[in-house]
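Residue numbers (the numbering used here): 4 to 143.
Written out as structure tokens, the structure is:
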């Protein structure tokens, strides 16, 4: 018994690689989203670090989830492409925190953890949305 040889659609492969490369941009923007998310809770003359951190973490979670969902769906869905997109976003976020944000990784670990959880939530939402069965309607 012979099995047909599996062929790859090259434009489809390049589009998936492009989606993974595009995922680097939201990774760079995560630090900015964290700062803008904590900005409304900043109080002059008072220590409000917990409120600012929670506000920034919530903004990063929503941003990471939305970007991960959107990019994974554009890449064709599935766990593999979702993990590659997550690696692109999270790796860029890690590099940004380590080199350009004051305090380094030890100071900004809540942002990194929240970004990772948000990215994983985006993967799960994308997979759930892709595999959900739509009811079939027939017209008589």
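Even glycine gets a Cβ: it sits at the ideal position worked out from N, Cα and C.
As the structure is a prediction and not an experimental result, all values here were calculated from the model.
Rounded C-alpha distance that separates residue 65 from residue 16: 28 Å
Where the alpha helix (DSSP H) through residue 34 begins and ends: 27-41
Proximity of residue 93 and residue 128 at Cβ, strictly below 8 Å: no
Residues of its chain near residue 113, where Cβ-Cβ distance is below 7 Å and the 5 sequence neighbours each way are ignored: 56 and 60
Residue 71 (DSSP reduced to helix, strand or coil): helix
Ranges of the alpha helix (DSSP H) found wholly within the segment 92-127, counting only runs of at least 4: 107-110
Buried or exposed (CB count within 10 angstroms, at least 16 for buried), residue 43: exposed
Nearest neighbour of residue 119, chosen from 58, 39, 52 and 86 [CA to CA]: 86
Neighbourhood of residue 40 by C-beta distance below 7 Å, restricted to the same chain and skipping five residues each side: 58, 59, 61, 62 and 63
With 16 other Cβ atoms within 10 Å as the buried cut-off, status of residue 107: exposed
Residue 46, DSSP secondary structure in three states: coil
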